[in-house]
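Everything on this sheet refers to the single structure shown next.
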Amino acid sequence: MQNNRNAYQIKDKKIQFFRVDVEKQGNIKKFYKHYIYPKSVYDEHGLWAFVRSLMTEEKIKQGRSSDIDSLKVQVCNNSKINEELKAEFNGRLYDVKNVDPFEFYVDDINLVLVRSLDKTTYQQEVRYDNE
353 MQNNRNAYQI
363 KDKKIQFFRV
373 DVEKQGNIKK
383 FYKHYIYPKS
393 VYDEHGLWAF
403 VRSLMTEEKI
413 KQGRSSDIDS
423 LKVQVCNNSK
433 INEELKAEFN
443 GRLYDVKNVD
453 PFEFYVDDIN
463 LVLVRSLDKT
473 TYQQEVRYDN
483 E
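Now the structure itself:
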């Protein structure tokens, strides 16, 4: 009998996902965090997720440096999650990578978060989706 690791992956962490909205006012660009869910979900600290650090072998297979902070994440399937998003987890900013869009038959979506080098200064005003 094969051991199914996914059966034991408990979503016990919270992750915030947002896209970056850019508005140009004259010569000035303003950057806003736009969360992909309503404010009520944001107030609850985002989406539940199973999170683990990528092993060195996994990082090398994906062509990433072994010293870069990378996380393997599983969240409930959400069509708004894509590689244009950023994620906040444990006070750190991550880029969303390797979203697996081909598991249409499951309730979860797998992705990788890579520690972001983004130094953007975001406006204090935060935006949310209404759905």
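The opening position of the sequence shown corresponds to residue 353 in the working numbering, with each subsequent residue numbered one higher. The C-beta atom is built at its ideal place from N, Cα and C for all residues, glycine as well.
The three-state secondary structure of K432, taken from DSSP, is coil. The alpha-carbon of E435 is positioned some 10 Å away from that of L465. Within the model, the alpha-carbon separation for K381 versus K471 is close to 14 Å. Scanning its chain for C-beta atoms nearer than 6 Å, with the 5 sequence neighbours on each side dropped, one finds around R404 the residues K424, in chain order. Out of Y387, R371 and I367, the CA that lies nearest to the CA of L437 is found in R371. Distance between K376 and F383, taken at the CA atoms: about 9 Å.
Around the CB of S392, fewer than 16 other CB atoms lie within 10 Å, so the residue is classed as exposed. For S405, there is no enclosing alpha helix (DSSP H); the enclosing beta strand (DSSP E) covers residues L399 to S405. For S468, same chain residues with a beta-carbon under 6 Å away, outside a window of 5 residues either side, are L445, Y446 and D447 in chain order. Bridge partners of I380 according to DSSP: Q377. In the DSSP assignment, no residue is bridged to I388.
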